[in-house]
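What follows is a short report on a single structure.
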Amino acid sequence: MSEILISRYHPGVESPETLEEIFVGKDREVLISELLKELKNEIEDKNRYLQSHLIYGPTGIGKTFILWVLFNRIKEDENLKRYYLPILLPEELFGVNNVAGILLEALKIILNDSSRTIPDEDIRDFIREKLNWVIEIDDKDTRFDRCESLFDEIRNRFDKRVIIMAENLDKLLISFKRHKELDKFLKVLPRSKSIKFIGTAITFLDVLGDIKGPIYGYTYHHKLEPLNEDEVFELISRLIELYSKENEVLIKYFHSPDGRRRINIFKAISYLCGGLPRMIFPLFEIALSECSRLSDGKEAVHRFDTSLKFMQEMFERLTLIYRENLWSLPEKERMVIEILASSDKAIRPIDIKGKTGFNSAEISTYLTRLIKRGCIRTSTEVDKKKQFYILSEPLLSIWYRWRQGASYEQKWSFVVELLSWLFKKEEIKKVIEKEETPDIMKSLYTAAYERLKSKMAEAEYLREIRKEGLKSFDEALKTKPDDATVWYNKGVALRKLGRTQDAIICFDKALEI
């Protein structure tokens, strides 16, 4: 198998120190400084409402990067850390379609934190005592009121305010609109002393089809512009300095005496990336590959080949089939899967009840259906006398917990967990003994790819089938534009392809008809 370049860079796999070293862009630094200053001002006036923010710009512009830098700086500031609980919501929130669900997710993150991001054990004990009071209610309006009340109590009792950092806020808003939850969210944004939202979106202009969408007047909005040529040059220079510490070939290649080679590489990357930071990383990696080729066949060792980078790529490729199947499940069954995926061990139905509010009969029905679908299985590893449940594919659980926002250090435990799932100890030992370079993970990735490529091919096949199916729906709608069933089925196909916003448009059209 040919070497796979990392094409999906994610700041979550980098240490806070590395993120700071490659953080460039004057407008980005100004934005971070303004947000930190605002947080300090909000501490001084404890009766003021917390201001929410929306950071928007095209995919790859650096929105997620800014959230991670802000998150890390709050954690590292002793004064801010004393008064704020920063929470990074995971990108995938399967089954969350109401505001109470978002607030519950934030409570779960605080409760389950094991990375010392939230050092206050007293707060976790308090949430643990109150959580059942929140989730015992099925009515989502009452649950929302109780969540809001709980956050207010955290502020009053512990002098802590929660900062919820949410990616893809535009998608959440569309979901809220469909489920008539938008008014609740707009209630929280401008009138909360306990909860502050900092969200990202591709745009705020057409979030809900309005030239100035509902959140326009409720948030400060910040448009991220592409990096200019000087800023692209600065980022590449920082990458060179960062990675050349371990690579003499890289220094020689980029620092030629007349500088022409370096300038040409910079200009080429600047032109190709269009000022989008995420595009710079794979392009820079290509330059590093060229560096290796020019070094008399000696492989250049650089940090883009580190284990965590390959873990990220491995997860994205190997879990595709499971994620495709997950999106085909009904919403409440997905919520059950999410709970099982968030645990590293088998759990009981009563645990599911405690986290969803479903009654026992509902849970029994969903578990039976999921067993028949092959998504979950029973387990006797914990207690042979009681019924426990676990995902049929442990890889999905490892991937889900990896994406839940684990710290840089925590991710290494997932490396061990993944390797234990993929290989026997003897197999790993053979690879390590045979390798002469630090690229052990690359060899293990290759072995994993060979072992699971049939499943990945199946996922790609299903995706192509769904794309072909879309063409059939489009043809049918030409002759029957008012057929609600066709609109609905097209929406289902789009959702399975990950095109959530397009799917919602189709579902709304079906409902109108």
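If you count by this note's numbering, then the sequence shown holds residues 710 to 1222, one letter each, in order. Idealized CB from N, CA, C, for every residue including glycine.
{"Item": "Shortest alpha-carbon distance to Arg678 belongs to which of Lys880, Val871, Trp1108 and Ser1101?", "Value": "In the structure displayed, the chain extends from 710 to 1222; residue 678 sits before or after that span and is not available."}
{"Item": "Compute the distance between the beta-carbons of Leu759 and Lys905, then report whether it is under 7 Å.", "Value": "yes"}
{"Item": "Do Leu936 and Gly734 have their CB atoms nearer than 7 Å?", "Value": "yes"}
{"Item": "Do you know how far the Cα of Glu1042 is from the Cα of Ile1099?", "Value": "14 Å"}
{"Item": "Tell whether a beta-carbon distance below 7 Å holds between Val1195 and Ala1202.", "Value": "no"}
{"Item": "What does DSSP give as the partner residue(s) for Lys1223 in the beta ladder?", "Value": "A query on residue 1223 cannot be resolved here, the shown segment of the chain reaching from 710 to 1222 and no further."}
{"Item": "How about Arg1082 and Ser1101: do their beta carbons lie closer than 7 Å?", "Value": "no"}
{"Item": "Is Arg791 buried or exposed, if buried means 16 or more other CB atoms sit within 10 Å of its CB?", "Value": "exposed"}
{"Item": "Keeping to the same chain, check which residues put their C-beta closer than 8 Å to that of Thr851; ignore five residues upstream and five downstream.", "Value": "none"}
{"Item": "Going straight from the alpha carbon of Arg825 to that of Lys817, what length do you get?", "Value": "At Arg825 the pLDDT is 48, less than 50, meaning the model places this residue with poor confidence; the figure from the coordinates comes in the next sentence. The straight-line gap from Cα to Cα measures roughly 15 Å."}
{"Item": "DSSP puts Pro795 in a beta bridge; with which residues?", "Value": "Ile872"}
{"Item": "Out of Trp842, Trp1108 and Leu882, state which residue places its alpha-carbon closest to the alpha-carbon of Asn806.", "Value": "Leu882"}
{"Item": "Could you say if the segment 851–861 and the segment 891–903 meet the contact criterion of at least three C-beta pairs nearer than 8 Å?", "Value": "yes"}
{"Item": "Would you decide whether Val1045 is buried or exposed? Buried here means 16 or more other CB atoms lie within 10 Å of its CB.", "Value": "buried"}
{"Item": "Please work out which residues of its chain come closer than 6 Å, Cβ to Cβ, to Thr1065, disregarding the five sequence neighbours upstream and downstream, and give them in chain order.", "Value": "Met1044"}
{"Item": "Report the three-state DSSP secondary structure of Ala1055 (helix, strand or coil).", "Value": "coil"}
{"Item": "Is it buried or exposed, Cys1084, if we count other Cβ atoms within 10 angstroms and call 16 or more buried?", "Value": "buried"}
{"Item": "Classify Thr909 as buried or exposed, calling it buried when 16 or more other Cβ atoms lie within 10 Å of its own Cβ.", "Value": "buried"}
{"Item": "Looking at the secondary structure, which residues open and close the alpha helix (DSSP H) in which Leu728 lies?", "Value": "Pro725 to Glu730"}
{"Item": "Which residues does DSSP list as the beta-bridge partners of Arg1086?", "Value": "Ile1099"}
{"Item": "My understanding is that Arg1309 touches Ile731, with C-beta atoms under 8 Å, so please give their C-beta distance in whole angstroms.", "Value": "As shown, the chain starts at 710 and ends at 1222. That puts residue 1309 outside it, with no answer to give."}
{"Item": "When burial is assigned at 16 or more other CB atoms within 10 Å of the CB, is Ser761 buried or exposed?", "Value": "buried"}
{"Item": "Terminal residues of the continuous beta strand (DSSP E) containing Ile764?", "Value": "Ser761 to Tyr765"}
{"Item": "How close, in whole Å, do the beta carbons of Ile752 and Ile764 come, if the pair is a contact with beta carbons under 8 Å?", "Value": "With a Cβ gap of about 22 Å, Ile752 and Ile764 do not count as contacting."}
{"Item": "Does DSSP classify Thr1028 as helix, strand or coil?", "Value": "coil"}
{"Item": "In whole angstroms, what separates the C-alpha of Asp1217 from that of Asp861?", "Value": "36 Å"}
{"Item": "Give me, in chain order, the residues of the same chain whose beta-carbon lies closer than 8 Å to that of Ser1088; leave out the 5 immediate sequence neighbours on both sides.", "Value": "Ala1055, Phe1097, Tyr1098 and Ile1099"}
{"Item": "The beta strand (DSSP E) spanning Lys1041 covers which residue range?", "Value": "Here Lys1041 belongs to no beta strand (DSSP E); instead the alpha helix (DSSP H) covers Glu1040 to Ala1050."}
{"Item": "With distances taken Cα to Cα, identify the nearest neighbour of Lys902 among Tyr793, Glu1047, Asn756 and Asp892.", "Value": "Asn756"}
{"Item": "Using only CA atoms, which one of Ile844, Ser884, Leu1079 and His931 lies nearest to Ile1214?", "Value": "Ser884"}
{"Item": "Which stretch, first to last residue, makes up the beta strand (DSSP E) that contains Lys932?", "Value": "Thr928 to Lys932"}
{"Item": "By the 10 Å Cβ neighbour count, where 16 or more other Cβ atoms means buried, how is Pro799 classified, buried or exposed?", "Value": "buried"}
{"Item": "The alpha helix (DSSP H) that contains Asn781, what's its start and end?", "Value": "Lys772 to Glu785"}
{"Item": "Buried or exposed, going by whether 16 or more other CB atoms sit within 10 Å of the CB of Glu890?", "Value": "buried"}
{"Item": "Taking buried to mean at least 16 other C-beta atoms within 10 Å of its own C-beta, is Lys1095 buried or exposed?", "Value": "exposed"}
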